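In what follows, a single structure is set out as structure tokens and then discussed.
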């Protein structure tokens with residue numbers, strides 16, 4: 004199990020987290036917890052139109068959660084809300100064993116395909132994308148009311 008899940012590429016990604024910390028004036032934030040393993044993430048972001056223009060996160064997660072968060076962190080600035088949602092939905096389908104195509108900027112999420120055989124690890128793998136979508140939803144809902 005360990006070799007299949009924690010490939011050299013996944014472990015390498017855990018060292019590539021970007022945008023760590025907090026923003027001075029985020030438009031929204033979101034928190035997520037993977038209850039089974041206790042992985043946590045706090046995401047803050049701002050949008051310009053429907054595009055992420057500022058992003059920060061604090062994460063305490065297993066290698067899978069960190070790898071997914073690192074891939075997100077490297078591509079999130081400049082990504083549209085639709086690209087992020089498509090990536091989350093594609094990762095969900097990948098973990099269910101479906102063939103998927105990720106939006107170009109998030110193609111590296113495909114390295115997480117081995118996780119599909121380990122359902123208890125799905126929540127931590129999805130953590131960063133789920134939290135980012137939650138924060139985007141908060142901004143969009145606030146804008147819809149205004």
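Numbering (our numbering), first residue to last: 4 to 149. Just so it is clear, CB atoms sit at the ideal spot from N, CA and C, and this is done for glycine as well. These figures come from a predicted structure and were not determined experimentally.
Query raised in the report: What are the residues that DSSP puts in a beta bridge with residue 35?
Result: 44
**Report entry** DSSP state of residue 63 mapped onto helix, strand, coil
**Finding:** strand
Query raised in the report: Measuring CA to CA, which of 149, 140, 134, 129 is closest to residue 65?
Result: Of the listed residues, the one whose Cα sits closest to residue 65 is 129.
**Report entry** residue 93 versus residue 13 - alpha carbon distance
**Finding:** For residue 93 and residue 13, the gap between their C-alpha atoms comes out near 18 Å.
Requested in this report: Kindly identify the DSSP beta-bridge partner or partners of residue 23.
Outcome: 60
**Report entry** Range covered by the alpha helix (DSSP H) that runs through residue 139
**Finding:** 125-148
Query raised in the report: Relative to the alpha-carbon of residue 72, which residue among 88, 44, 9 has its alpha-carbon at the smallest distance?
Result: It is 44.
Requested in this report: May I have the straight-line CA-CA distance separating residue 139 from residue 9, to the nearest angstrom?
Outcome: 30 Å
**Report entry** Residues of its chain near residue 26, where Cβ-Cβ distance is below 8 Å and the 5 sequence neighbours each way are ignored
**Finding:** 47, 48, 49, 57, 58, 59
**Report entry** Whole-Å CB distance - residue 63 paired with residue 23, under 8 Å assumed
**Finding:** At roughly 11 Å, the Cβ-Cβ gap does not stay under 8 Å, so residue 63 and residue 23 are not in contact.
**Report entry** Contacts around residue 39, its chain only, beta-carbon distance under 7 Å, and the 5 residues preceding and following it disregarded
**Finding:** 123, 126
Query - Run of the alpha helix (DSSP H) containing residue 12, from where it starts to where it stops - result: Taken as a continuous stretch (DSSP letters only), the alpha helix (DSSP H) holding residue 12 covers 11-16.
Query raised in the report: Cα-Cα, which of 86, 82, 117 is closest to residue 97?
Result: 117
Query raised in the report: What span of residues does the alpha helix (DSSP H) with residue 98 cover, start to end?
Result: Its alpha helix (DSSP H) spans residues 84-98.
Query raised in the report: Is residue 131 closer than 7 Å to residue 75 when the C-beta atoms are compared?
Result: yes
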